[in-house]
Amino acid sequence: MATSASHGQALDPEPTAPRQNPGGRRRPWSRRGDRADLGSLGHPLLSAPAVLLVLVFFVAPLIVLLAYSLWPTVEGEIVHHWTFENYSRALSTKTYLPTLLRTFWFVGLSSLITVVLTFPFAYYVALRVRPSRRIILILLAMLPFFTSYLIRVFAWLNMFGEKGIINEALTRIGLISKPLEIFGFDRPAIVITFVYLLFPLSFLASYITLERMNPTMLEAASDLGAGNIRRTVRVVLPFARTGLLAGFIVSFIAMAGDYVTPSLIGGTEGIFYSNLIVNQFGASLQWGFGAALGIVLLVSVALLLIVLRRLTGTVESAGEYTRQYQRVRSPFLTAYAVLFNIFLYTPVALLIFFSFNEEPAVGFPFHGPTLMWFETALNDTVAIEALETSLTVAVVAVGVSLVLGTMAALYLARHKGFWRNFSFASISAPMLLPPVILGIAIIIGLNALSVERGLWTIIVGHIVIILPLTTLLILSRLEGLDVNQELAAMDLGAKPWKALVRIALPQAFPAIIGAAMIGFAMSMDEFILTFLVTGSQTTLPLYIYSQLRFKLTPELTAISTLMLTASFVLVLLGAMIALGRRQRQQLTRS
Amino acid sequence: MASSVRCKDLRKLYPGAQEYSLGSESEGVSIEIEEGEIFAIVGPTGCGKTTTLRIIGGFTDATSGTVEIGGRDVTGLRAYQRPTNTVFQSYALFPHLSVISNVEFGLTMERVGRAERKQRASEALDLVGLLHKAQDKPSSLSGGQAQRVALARAIVKRPAVLLLDEPLGALDRKTRQQMQEELVRLKQAVGITFVHVTHDQEEACAIADRIAVMDRGRVAQIEDPVGLFRGPRTSYVASFIDAGTIVRGTARRTGDVVEIDSGDLSVRGECPAWLNGSADVAAVLAPDRVKIARSHAEAAEKGVGTASGTVNRTVFTGSVFEVYVDVSEELEVRSAMTADEVAALGEALSPGSRVDLTWEAKDVMVVEDNLGTATIAEAAGVEG
Numbered sequence: 001m002a003t004s005a006s007h008g009q010a011l012d013p014e015p016t017a018p019r020q021n022p023g024g025r026r027r028p029w030s031r032r033g034d035r036a037d038l039g040s041l042g043h044p045l046l047s048a049p050a051v052l053l054v055l056v057f058f059v060a061p062l063i064v065l066l067a068y069s070l071w072p073t074v075e076g077e078i079v080h081h082w083t084f085e086n087y088s089r090a091l092s093t094k095t096y097l098p099t100l101l102r103t104f105w106f107v108g109l110s111s112l113i114t115v116v117l118t119f120p121f122a123y124y125v126a127l128r129v130r131p132s133r134r135i136i137l138i139l140l141a142m143l144p145f146f147t148s149y150l151i152r153v154f155a156w157l158n159m160f161g162e163k164g165i166i167n168e169a170l171t172r173i174g175l176i177s178k179p180l181e182i183f184g185f186d187r188p189a190i191v192i193t194f195v196y197l198l199f200p201l202s203f204l205a206s207y208i209t210l211e212r213m214n215p216t217m218l219e220a221a222s223d224l225g226a227g228n229i230r231r232t233v234r235v236v237l238p239f240a241r242t243g244l245l246a247g248f249i250v251s252f253i254a255m256a257g258d259y260v261t262p263s264l265i266g267g268t269e270g271i272f273y274s275n276l277i278v279n280q281f282g283a284s285l286q287w288g289f290g291a292a293l294g295i296v297l298l299v300s301v302a303l304l305l306i307v308l309r310r311l312t313g314t315v316e317s318a319g320e321y322t323r324q325y326q327r328v329r330s331p332f333l334t335a336y337a338v339l340f341n342i343f344l345y346t347p348v349a350l351l352i353f354f355s356f357n358e359e360p361a362v363g364f365p366f367h368g369p370t371l372m373w374f375e376t377a378l379n380d381t382v383a384i385e386a387l388e389t390s391l392t393v394a395v396v397a398v399g400v401s402l403v404l405g406t407m408a409a410l411y412l413a414r415h416k417g418f419w420r421n422f423s424f425a426s427i428s429a430p431m432l433l434p435p436v437i438l439g440i441a442i443i444i445g446l447n448a449l450s451v452e453r454g455l456w457t458i459i460v461g462h463i464v465i466i467l468p469l470t471t472l473l474i475l476s477r478l479e480g481l482d483v484n485q486e487l488a489a490m491d492l493g494a495k496p497w498k499a500l501v502r503i504a505l506p507q508a509f510p511a512i513i514g515a516a517m518i519g520f521a522m523s524m525d526e527f528i529l530t531f532l533v534t535g536s537q538t539t540l541p542l543y544i545y546s547q548l549r550f551k552l553t554p555e556l557t558a559i560s561t562l563m564l565t566a567s568f569v570l571v572l573l574g575a576m577i578a579l580g581r582r583q584r585q586q587l588t589r590s
Numbered sequence: 591m592a593s594s595v596r597c598k599d600l601r602k603l604y605p606g607a608q609e610y611s612l613g614s615e616s617e618g619v620s621i622e623i624e625e626g627e628i629f630a631i632v633g634p635t636g637c638g639k640t641t642t643l644r645i646i647g648g649f650t651d652a653t654s655g656t657v658e659i660g661g662r663d664v665t666g667l668r669a670y671q672r673p674t675n676t677v678f679q680s681y682a683l684f685p686h687l688s689v690i691s692n693v694e695f696g697l698t699m700e701r702v703g704r705a706e707r708k709q710r711a712s713e714a715l716d717l718v719g720l721l722h723k724a725q726d727k728p729s730s731l732s733g734g735q736a737q738r739v740a741l742a743r744a745i746v747k748r749p750a751v752l753l754l755d756e757p758l759g760a761l762d763r764k765t766r767q768q769m770q771e772e773l774v775r776l777k778q779a780v781g782i783t784f785v786h787v788t789h790d791q792e793e794a795c796a797i798a799d800r801i802a803v804m805d806r807g808r809v810a811q812i813e814d815p816v817g818l819f820r821g822p823r824t825s826y827v828a829s830f831i832d833a834g835t836i837v838r839g840t841a842r843r844t845g846d847v848v849e850i851d852s853g854d855l856s857v858r859g860e861c862p863a864w865l866n867g868s869a870d871v872a873a874v875l876a877p878d879r880v881k882i883a884r885s886h887a888e889a890a891e892k893g894v895g896t897a898s899g900t901v902n903r904t905v906f907t908g909s910v911f912e913v914y915v916d917v918s919e920e921l922e923v924r925s926a927m928t929a930d931e932v933a934a935l936g937e938a939l940s941p942g943s944r945v946d947l948t949w950e951a952k953d954v955m956v957v958e959d960n961l962g963t964a965t966i967a968e969a970a971g972v973e974g
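Those protein sequences? They're chains A and B, same order as listed. Going by this note's numbering, the first residue of the first sequence is number 1, and it counts up by one from there. Going by this note's numbering, the first residue of the second sequence is number 591, and it counts up by one from there.
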């Protein structure tokens, strides 16, 4: 029977590759199992609450926004009379279209730089670091994301600004006589700031893709004669292009909707398209026109995304998570990783340092350690109240998002068909929209219904922002589980819901914790939407913003040090809970 | 003997699929599995063997047809309501539970009391020799150990039928052979009916009481291992189980005798009773029944069938020597020989030498030739 193997193969072209699908025949039992047959796992109604929430608080406001954009404003009042007037103004007036193009050019460039700069680091972590150590680097990269967005902007201003540390130092030693203007619109510093702000998201997007890249593929490329550069260009980049695109898109959307950072950094010059939109809802009260500007932005972003997706294409079956890594010395990548972390942590470190400085202005010289700024911060009743509001919003928004998101993910992970695709598309749609548009849509929607804004509008807005990410994080974990485990549970007598509770949920637990942490951080830090939809409530970021408008005070550095510490403890705690299992498994494995 | 599993007229058309994965428009698949036997289902990828197993296990519904287990119709029942348990190809152990908790899982679902649960799970683990691993996590197990735990988990509920989906596919050869022995031993110990799906006909042969060979959604033949190897009914079956050299050509029938001409070679064999009226026939020469003669005279004296050809190569399989002889452009005949026989022939077997082959008429297996034109190349590939 010696040639049995070759005989078997002659008839069975791929006996050892179950993922292949010879002759277009359907594999009845692939490793991931057969989703179509698992109708009993996860009821379709599970995704209904999340879908309903998105429809009511996201789709409906957008429809109202569209309607408003077709109504003119006459003497400060919206007139219900259909017209394209707002659009012709938005597209013809000299200010608006050039600003849109300038914004896209600038935001696109910054996003591209962000993706390019973060890629080597993501590559290093995913392919050169052993799996048990990766988590430390991931946490390190993600930690800045858990500190205040606004304060991070100011940390940079603090370094590069007209009266920043660099200028002060250079002036003092007599190298320059008048401050260098590094900050300002179209200046490199604003790009640096954005790169800095968007690094965690972009890193995560690249990392998730690269984590699934089997290093053997690289060895194969070398074996076939590709040098380092050609290997990167022909194998690594094409493989990772989905992740790179995702990183770019996430950065682009976050930045295109940001009306704070540019104006904080660039002053009057820092006018982005989003600023023009928001202005229509401020003093000028041109709601219809503002709505039209919003729709123009929405459509432009959508068109850009479609074009980009067409250009890059998608990678089919990008592989599975692998624990393999390249055991080679990588001095350049290591150095790069170190430099990157210095770049990430210098402003943060300086902030912490200055929060202990007695000097009433933030900066050098250092007058000796003091805790007085912390005392001021902790006695600041407005700040404490703002913190309480923020915590309330975050806890409720994260709680609701987790419950709805987990329910939806359980259904989405194991089904196909129209309702599944519809649910998936609606739940993830808010991610593709700059939050500024969601903000004005909610304002307009509430206005149309004559409903007062309040704490609940902030909570709802935050849920709409957090829910997609929460759902996707939990979903990706559930999809990574071997469906056969749930089938095995049912085979052993577990009813479908029991298989879910006993087998799928416990394994999705780390993802749920992770989603909770990221959601919490996002909510605690959300400014762009909150600023628009708040009634009279002040959240912590709103408070920080109101303070920052005047100047960066030592009290703010103390607050940010406290927030950073709290985030750090939270992240560490979450990591311990979520990773406890895996780590224990790793210990037993070795 | 009582039948344990009775599948009647099964068909499966997956939603969105063009062709049936099991059965066809005109005909369903029917299989009867007897109580206490190891029943193997073999066939290449996509032949419907796994679909059959899934239908028996209740993981998927048949498009039509019924399944009875122990005389009871279970067609509409879900996996958790059926007296079957499955050993999955990927083992599907629960990574977040310890080995013992994995084994206990089915009993927990049955609400068996804690003490009895522990007792029975420990016994099952002991049966597969892994009691010392009870507290470990599945990730710390080797492939063979994980396989044993999956087995223990499946038999602990004492199912009427144990379903095994390519359970040994991921194991190395030595562990696989060990596990094959263990499966047979286990079946004797627990007396459960085993339904074993595999694409490895050797494995099926080693452990099964009966084997069903499947081909593109149909059952091609059901037979005990010896019967299957000594009496394949079609060239497809003969080729899949590797029963020997398949000689295809034009056939002439005179009474009970069929003569198949393939180029210079002519093979004469007895026409089996079941082969009536079939147009295409082929002959199968089992390698151990084809002998190499020292001289032409010896060949004429020894066998009824003879052929001469050129030695292409000799392959040592670890137990026997297989000599491949080119008889014509298209046909390569294989002969299996012992070390002694090879030594006796000596230089005569060096590549390029002319040799004479002999066989007896009773050893020629006449089969229906259903490989078709599409697979002629593959068949040629198989033989040459």
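Just so it is clear, CB atoms sit at the ideal spot from N, CA and C, and this is done for glycine as well.
| said: Is there a C-beta anywhere in chain A that falls below 8 Å from the one on B:Asp-959? | reply: no
| query | Just the Cα atoms here: how many angstroms apart are A:Leu-45 and A:Pro-554? | reply | 52 Å
| field | Exposed unless 16 or more other CB atoms sit within 10 angstroms - verdict on A:Leu-52 | value | exposed
| Neighbour flag for B:Thr-835 against chain A, beta carbons, 8 Å | no
| Between the beta-carbon of B:Ala-740 and the beta-carbon of B:Phe-678, is there less than 8 Å? | yes
| task | Report the residues of the region 698–726 of chain B with a CB closer than 8 Å to any CB of chain A, ordered along the chain. | result | Met-699, Glu-700 and Asp-726
| query | Are the CB atoms of A:Leu-143 and A:Phe-568 nearer to each other than 8 Å? | reply | yes
| said: Please list, in chain order, the chain A residues whose beta carbon lies closer than 8 Å to that of B:Ala-669. | reply: Leu-487, Met-490 and Asp-491
| Going by the CB atoms, is the gap between B:Lys-723 and B:Thr-656 shorter than 8 Å? | no
| query | Listed from N- to C-terminal order along the chain, which residues in the region 766–800 of chain B have their beta-carbon within a distance smaller than 9 Å of any beta-carbon of chain A? | reply | His-789, Asp-790, Gln-791, Glu-792 and Cys-795
| Chain-ordered chain A contacts of B:Ser-885 [CB-CB under 8 Å] | Per Cβ cutoff of 8 Å: no residues; B:Ser-885 is ~28 Å from chain A at best.
| Mapping DSSP to helix, strand and coil, what is A:Gln-280? | helix
| query | If A:Thr-73 sits next to A:Gln-286, beta carbons under 8 Å apart, how far is it from one beta carbon to the other, in whole angstroms? | reply | 5 Å
| request: Determine the chain A residues that contact B:Asn-902 at a beta-carbon separation under 7 Å, and present them in chain order. | output: The premise fails here: B:Asn-902 is roughly 13 Å from chain A at the closest Cβ pair, so nothing lies under 7 Å.
| task | Answer yes if the region 256–266 of chain A comes into contact with the region 90–100 of chain A, meaning at least three C-beta pairs across the two stretches below 8 Å, and no otherwise. | result | no
| Strand pairing of B:His-786, partner residues [DSSP] | B:Ala-630 and B:Leu-754
| field | Residues that B:Arg-838 contacts on chain A, provided the C-beta gap is smaller than 9 Å | value | Those within 9 Å of B:Arg-838 in chain A number zero; the least Cβ separation is about 15 Å.
| said: Taking beta-carbon pairs under 9 Å, can you tell me which members of the region 499–532 of chain A lie near chain B? | reply: Ala-499, Arg-502, Ile-503, Pro-506, Gln-507 and Phe-509
| message | I'd like to check one pair, B:Val-923 with B:Leu-939: are the Cβ atoms closer than 8 Å? | response | no
| request: Evaluate B:Ser-732 with the Cβ neighbour count: other Cβ atoms within 10 Å of its Cβ, from every protein chain shown; 16 or more gives buried, anything less gives exposed. | output: exposed
| Between the region 86–115 of chain A and chain B, which residues of the former have a C-beta closer than 7 Å to a C-beta of the latter? | none
| request: Check the DSSP bridge columns for B:Asp-906 and list the partner residues they point to. | output: The residue you asked about is not Asp; residue 906 of chain B is Phe in the sequence shown. Paired residues: B:Phe-911.
| If you draw a straight line from the alpha carbon of B:Gln-737 to that of A:Ile-437, how long is it in whole angstroms? | 55 Å
| message | Between the region 195–202 of chain A and the region 101–114 of chain A, can you find at least three pairs of beta-carbon atoms closer than 8 Å? | response | yes
| task | Compute the distance between the beta-carbons of B:Arg-668 and B:Gly-647, then report whether it is under 8 Å. | result | no
| query | A:Ala-494 touches chain B at which residues, Cβ-Cβ below 7 Å? | reply | Tyr-670 and Met-699
| field | Backbone CA spacing between A:Leu-371 and A:Phe-281 [nearest angstrom] | value | 41 Å
| message | I'd like the list of long-range same chain contacts for A:Phe-248, defined as Cβ closer than 6 Å, with 5 residues on each side in sequence excluded. | response | Ser-111 and Val-115
| CB B:Leu-776 to CB B:Leu-717, shorter than 8 Å? | yes
| query | Below 8 Å between beta carbons: does that hold for A:Thr-312 and A:Ser-206? | reply | no
| task | Give a yes or no on whether the minimum CB-CB distance between A:Asp-223 and chain B is below 8 Å. | result | no
| Under the three-state reduction of DSSP, which class applies to B:Gly-899: helix, strand or coil? | strand
| task | Starting from the N-terminal side, write out each stretch of the alpha helix (DSSP H) that is 4 residues or longer and does not extend beyond the region 526–553 of chain A. | result | 528–533 and 540–548
| field | Separation of A:Ile-442 from B:Gln-735, as counted between CA atoms | value | 58 Å
| request: Report all residues from its chain with a CB closer than 8 Å to the CB of A:Leu-542; omit the five preceding and five following residues, and keep chain order. | output: Ala-386, Phe-527, Thr-530, Phe-531 and Thr-534
| Just to confirm, are A:Ser-355 and A:Thr-557 a CB contact at a threshold of 8 Å? | yes
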